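S.K.: In this text, residue positions in the sequence shown follow our numbering: the first is 1, and each later residue adds one. Quick one: structure below, then a few questions.
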Amino acid sequence: MNHRQTVITPPQQRRKKRGVRLAVAYALRGLIALLALTLVVLLVCGILYVKEHLVPPTDNGSTETLDTGKDTTNEEAESTSQPQSPTDEYTAVLDAGHGGIQSGCAFDGVLEKDITLAVTLLAAEKLRAEGVTVILTREDDTDVSLEERCRIANDASADLFVSVHCNSYEDSSVCGFEGYYHNGTKGQRLAEYILAAANALGVKTRHVKDENYQVIRDTTMPAALMEIGFLSNPSERAELQSEEYQNTIAQAIANGVLAMRAAG
Ligand SMILES: [Zn+2]
1 MNHRQTVITP PQQRRKKRGV RLAVAYALRG LIALLALTLV VLLVCGILYV
51 KEHLVPPTDN GSTETLDTGK DTTNEEAEST SQPQSPTDEY TAVLDAGHGG
101 IQSGCAFDGV LEKDITLAVT LLAAEKLRAE GVTVILTRED DTDVSLEERC
151 RIANDASADL FVSVHCNSYE DSSVCGFEGY YHNGTKGQRL AEYILAAANA
201 LGVKTRHVKD ENYQVIRDTT MPAALMEIGF LSNPSERAEL QSEEYQNTIA
251 QAIANGVLAM RAAG
């Protein structure tokens, strides 16, 4: 028995060894298959990740990219808002005195309403060229009530209001450009800026005074009423009819408004 057993044991050990080898081989194959499967799974996950996370930002449609997208658009909005944005918009209401049946003062066939309209239209043109939003209370020979003129300015929430008039006086030697404001340092400053601008352009100027005129009293923004010259003075009347002088007065009004805008 013992002898036979010793004869029989080698093949059994061999079989055992073969079995172990086979088991190891199967285990290795299983391990390799598992690794291959893991690689395939990782590859698929990788492709899906790339598709979801890297492709959308290029076409800017993913919600995940909204934050950074918003930041850049905000920066763009801020940089482009420098020259022109709603907060930077500056609105001036220019009011050509009288109109229609309201001629204003009249001397030698020269009507105040015609001079004020001509100068106001020229000033509007100059201010628009400087980027100011200009609202006119009248653009032609129409009669607009004083209440309506104030309403137009107040409804527009304008930054300032300038009313243009011509003066008259019993003493025909009196002449010059003067301004009025009502109870307000800013209205006074506006009138002063316009007068200073006129003076700088060689126009004869008088003074700035506080007056209770309706259009500068009932408007809610800095307001000035400018008496651009005396129609009762023959030489100033002649000047006020000339396009060159009208242009100079219009430039003075525009420069005064621009000075107000620059002062803030
Ligand atoms: Zn007038």
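All C-beta atoms in this analysis are idealised placements derived from N, C-alpha and C, irrespective of residue type, glycine included. Owing to the predicted nature of the structure, the values given are computational and were not obtained by experimental measurement.
1. Report the CB separation of residue 122 from residue 250 in whole angstroms; it is logged as a contact under 8 Å.
2. Check each candidate in 194, 110, 106, 218 and name the one with the smallest Cα separation from residue 145.
3. Which of the three DSSP states is assigned to residue 233 in this structure?
4. So which residues touch the region around ligand 1, with touch meaning a C-beta under 5 Å from any heavy atom?
5. If you compare alpha carbons, which of 231, 142, 226, 233 is closest to residue 257?
6. Short of 6 Å in beta carbon distance, which residues of its chain neighbour residue 45, apart from the five on each side in sequence? Order them along the chain.
7. Compute the beta-carbon to beta-carbon distance between residue 108 and residue 237, rounded to the nearest angstrom, for a pair I have assumed lies under 8 Å.
8. Pair every Cβ in the segment 88 to 102 with every Cβ in the segment 131 to 146, then say whether three or more of these pairs are closer than 8 Å.
9. Which residues in the same chain have their Cβ closer than 7 Å to the Cβ of residue 75, if we skip the five residues on either side of it in sequence?
10. Keeping to the same chain, check which residues put their C-beta closer than 7 Å to that of residue 234; ignore five residues upstream and five downstream.
11. Figure out for me which residue from 221, 208, 230, 139 has the closest Cα to the Cα of residue 268.
12. To the nearest angstrom, how far is the alpha carbon of residue 114 from that of residue 231?
13. With respect to the beta strand (DSSP E) encompassing residue 179, which residues constitute its N-terminal and C-terminal limits?
14. Comparing C-alpha positions only, which one of 254, 143, 185 sits nearest to residue 266?
M.R.: Walking through what the data contain:
1. Going by Cβ atoms, the distance from residue 122 to residue 250 rounds to 3 Å, so yes, they are a contact pair.
2. Shortest Cα-Cα distance from residue 145 to any of 194, 110, 106, 218 involves 218.
3. Coil at residue 233, not helix or strand.
4. By the rule of a C-beta closer than 5 Å to any heavy atom of ligand 1, the residues picked out are 97, 104, 165.
5. Nearest of 231, 142, 226, 233 to residue 257, Cα basis: 226.
6. Annotation note: pLDDT 45 at residue 45 (below 50); position unreliable, coordinate value reported separately. Taking C-beta separations shorter than 6 Å and ignoring five residues to either side along the sequence, residue 45 has no partners in its chain.
7. Between residue 108 and residue 237 the beta-carbon gap is near 7 Å, inside 8 Å, which marks them as a contact.
8. They touch, by the three-pair rule.
9. Bear in mind that the predicted position of residue 75 carries a pLDDT of just 38, short of 50, making it too unreliable to give a figure here.
10. Same-chain partners within the cutoff: 172.
11. This structure does not reach residue 268, given that the chain is present from 1 up to 264, and the question cannot be answered.
12. Taking the Cα positions, residue 114 is about 12 Å away from residue 231.
13. Here the beta strand (DSSP E) through residue 179 covers 177 to 181.
14. For residue 266 there is no data in the structure shown, the boundaries of the chain being 1 and 264.
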